[in-house]
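For reference, the structure discussed in these notes is given below.
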Amino acid sequence: MTPPRSAPADSGTAVLARSMRRFAGETPIGRKRRARKMARLLADTHPDAHCELDFSTPLELAVATILSAQTTDVRVNQVTPRLFQKFRTAADYAAADRAEMEEMLRPTGFFRAKTDSLIKLGQALLADHDGRLPGKLDQLVKLPGIGRKTANVILGNAFDVPGITVDTHFRRLTNRFGWVQEDDPVKIEFLVADLIEKRDWTMLSHRVIFHGRRVCHARKPACGACALATLCPSFGTGPTEAAPAAKLLKGPRARELAVAAGVDPELVPAAAVLAPEEPLASDEPLDGPLAPEVP
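Residues in the sequence shown are numbered from 12 upward in steps of one, following my numbering.
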């Protein structure tokens with residue numbers, strides 16, 4: 012679906028105002044239909060969306076997700092191969108040498124708090140779950156270091172139980188999309204769950220996150236090169252002309268994203284294809300206060 016291209020480059024504020032007015036009287040059923048149409052477009056636009064944390068077991072995903080708090084998935088994936096080779100079971104984490112684990116986790120930041128969470132996680136799994144990670148939300152959120160967002164990541168990607176992961180990107184985009192007007196992650200989760208079919212929850216989370224990293228950036232979204240533009244009440248937040256918008260696309264599929272939006276892929280500079288996407292650190296806090304640590 013090709014977004015409008017007629018607005019002058021300097022009329023971003025006016026374009027945004029028109030976009031917002033267009034959806035101002037939207038009914039709940041209209042919002043649901045639009046949300047589902049946008050979700051289908053996201054599936055077409057980001058066929059490569061996936062969980063970017065490396066893991067081979069539910070426990071490994073739980074550990075990786077805990078480590079992702081306040082850092083990036085890329086950094087976590089640099090640390091976990093050695094960690095997973097050393098610590099394979101809940102018993103291994105429960106009996107870990109604290110100093111050794113802290114040194115391994117140091118690159119992820121807040122390594123003392125994270126070490127504490129992993130040791131306590133192992134102990135709790137041994138005490139309450141025979142050393143196995145449970146596959147139910149109410150049980151997961153009672154474990155050390157695991158909040159609701161982390162639990163949904165684990166359920167959706169390790170147990171195939173649909174879940175909505177509300178991270179920095181998901182919160183920003185669902186508000187921009189006009190699906191919600193809310194900052195609280197739990198409220199966003201339930202509101203979006205009412206809009207989107209349950210079977211699509213896990214993959215929707217990945218696709219929205221990929222769209223946030225590649226197209227709908229926090230500071231300047233590529234509105235004029237976005238496949239969702241005609242369905243978005245925030246169209247005009249970023250440049251609406253094709254040429255400047257195309258330069259904002261990022262990642263290995265930047266030119267395919269331009270084509271999906273009806274934009275000439277030659278407008279996407281070669282550097283954009285190689286440029287890192289927007290790997291914002293997870294804003295999921297650890298289970299307890301995070302205090303600056305001395306390196």
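Ideal Cβ placement from N, Cα and C applies to all residues, glycine included.
Owing to the predicted nature of the structure, the values given are computational and were not obtained by experimental measurement.
Taken through DSSP and simplified to helix, strand or coil, Ala-269 comes out as helix.
Per DSSP, reduced to three states, the secondary structure at Ala-238 is coil, with no helix or strand assignment. For Glu-200, the uninterrupted alpha helix (DSSP H) run begins and ends at 196 to 206, by DSSP. Apart from sequence neighbours up to five positions away, the residues of its chain that approach Pro-155 with a beta-carbon distance below 7 Å are Ser-128, Lys-131, Leu-132, Ala-135 and Asp-298, ordered along the chain.
Taking a C-beta distance under 8 Å as the contact criterion, Ile-207 and Ala-50 qualify as a contact pair.
Here Pro-263 is exposed, its C-beta having fewer than 16 other C-beta atoms within 10 Å. Secondary structure within the segment 120 to 164: the alpha helix (DSSP H) runs of 4 or more consecutive residues, fully enclosed, are 122 to 140 and 148 to 151 (chain order).
A direct Cα-to-Cα measurement between Val-85 and Asp-103 gives close to 24 Å. Ranked by Cα distance from Ala-265, the first of Ala-238, Arg-210 and Ala-105 is Ala-238. Annotation: the continuous alpha helix (DSSP H) that includes Val-284 extends over 281 to 285.
Within the same chain, Ser-30, Cys-234 and Ala-240 come within 6 Å of Phe-246 by CB-CB distance, once the 5 residues on both sides are set aside.
Nearest neighbour of Arg-93 by Cα position, chosen from Lys-258, Pro-118 and Pro-58, turns out to be Pro-118.
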